[in-house]
Amino acid sequence: MKQRDTPLELDNLVCNYFGHDYDLIDDSEALQPKIDAYNRQSGKAMQMALLEDIDDFLALGDTMNMAFSKRYGVYFDPLLWGITPHDFLVLVREQVNIALAHPQKN
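Quick note: the sequence shown, position 48, residue 50 per my numbering, numbers continuous.
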């Protein structure tokens, strides 16, 4: 996993789409609209970097929840949204892969 002080694309997703001002992206309490907004507003390189970050976190195994909480606990706690950090990352990975497989035409 990258060093703690190295910015990650996952930082962008978590802090900007699920952080304290998440309602500026989408005013619902649902996860999916925020993930959809990220996919609409990000390019392929950003999405690929996000997938790499997610894989790095998931590779941590039993320490993943602690590492996720340590990095993002101030901004976002998936448990408050009714999902574990692991399941959140898996959901985001699935949705980003779908977006990459079916790019939107502008």
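Glycine included, C-beta positions come from ideal geometry on N, C-alpha and C.
{"Item": "Beta carbon of E96 nearer than 9 Å to that of A51", "Value": "no"}
{"Item": "L33 (DSSP reduced to helix, strand or coil)", "Value": "coil"}
{"Item": "Sub-9 Å separation of I56 and L91 beta-carbons", "Value": "yes"}
{"Item": "Separation of R42 from L53, as counted between CA atoms", "Value": "16 Å"}
{"Item": "CA-to-CA distance, F78 to D23, given in whole angstroms", "Value": "11 Å"}
{"Item": "Residue range of the unbroken alpha helix (DSSP H) whose run includes F20", "Value": "First-last for F20: undefined, no H or E at that position."}
{"Item": "Integer Cβ distance of L15 from W83, believed to fall under 8 Å", "Value": "The Cβ separation is near 14 Å, so there is no contact."}
{"Item": "Cβ pair A47, F59 closer than 9 Å", "Value": "no"}
{"Item": "For P87, the first and last residue of its enclosing alpha helix (DSSP H)", "Value": "87 to 103"}
{"Item": "Buried versus exposed, by CB contacts within 10 Å (16 or more), S30", "Value": "exposed"}
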